[in-house]
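Worksheet for the structure shown next.
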């Protein structure tokens with residue numbers, strides 16, 4: 341739902357050269373090591389703030405959204421076609437940003453024969469990957485109503501299902 345944060349984080353990581361730093365290090369490193377290479381003040385790497393939010397995400401109480409709407413986001417969005425349409429459009433736009441980064445990071449997909457984009461929506465990211473790597477079989481798994489009228493290609497197909505169910509391929 342907040343994938344723009346993920347895409348902006350990915351963009352910033354690439355701008356900082358973090359993938360290259362990790363690759364050149366030759367092995368996994370610690371956050372303090374990375375901060376040192378990037379010349380970041382160690383006081384600004386405190387993960388307590390992230391841990392705080394993680395506890396919020398994992399607690400069993402109702403979310404503010406559930407309290408306001410009487411149901412979780414996914415049930416609500418599927419009962420509100422206009423909101424669903426806007427949500428899907430927003431996710432598609434978010435995918436376009438990610439696609440731009442993928443074009444600059446082609447080596448990530450070298451050596452793979454297939455990928456599955458779980459929750460891939462209308463397939464914007466998978467389409468970019470399938471065009472850049474014609475030998476790579478790309479599958480988009482999303483809700484049946486999202487992929488129902490989408491057309492694939494020789495190396496791109498769409499499968500309707502949920503993340504907690506196993507669709508027939």
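In the working numbering, the protein residues as written are 341 to 509.
From the three backbone atoms N, C-alpha and C, an ideal C-beta is built for every residue, glycine too.
Quantities reported herein were computed from a predicted structural model and do not represent experimental measurements.
Between the region 449-460 and the region 358-374 there are fewer than three inter-stretch CB-CB distances shorter than 8 Å, so the stretches are not counted as touching. Taking C-alpha positions only, residue 409 is separated from residue 418 by approximately 13 Å. Residue 428 sits in a helix when the DSSP states are folded into three classes.
Within its own chain, the residues whose Cβ lies closer than 8 Å to the Cβ of residue 416, once the five positions on either side in sequence are excluded, are 405, 409, 423, listed in chain order.
In this structure, DSSP gives residue 403 a state outside helix and strand, which the three-state scheme calls coil. The beta-carbon distance between residue 481 and residue 460, rounded to whole angstroms, is 7 Å. This is short enough to meet the 8 Å contact definition. With fewer than 16 other CB atoms across the displayed protein chains lying within 10 angstroms of its CB, residue 407 is exposed. For residue 458, the CB contacts under 7 Å within the same chain, skipping 5 residues up- and downstream, are 481, 503 in chain order.
Residue range 477-482 is occupied by the beta strand (DSSP E) that includes residue 477. An exposed status is given to residue 456, since fewer than 16 other beta-carbon atoms sit within 10 Å of its beta-carbon.
Exclusion of the five residues before and after residue 431 leaves 461 as the residues of its chain whose Cβ lies within less than 6 Å of its Cβ.
Secondary structure note for residue 489: it is in no alpha helix (DSSP H), with a DSSP letter that is neither H nor E. The beta-carbon separation of residue 479 and residue 436, rounded to 20 Å, does not stay under the 8 Å limit for a contact.
Rounded to the nearest whole angstrom, the C-alpha separation of residue 369 and residue 470 is 32 Å.
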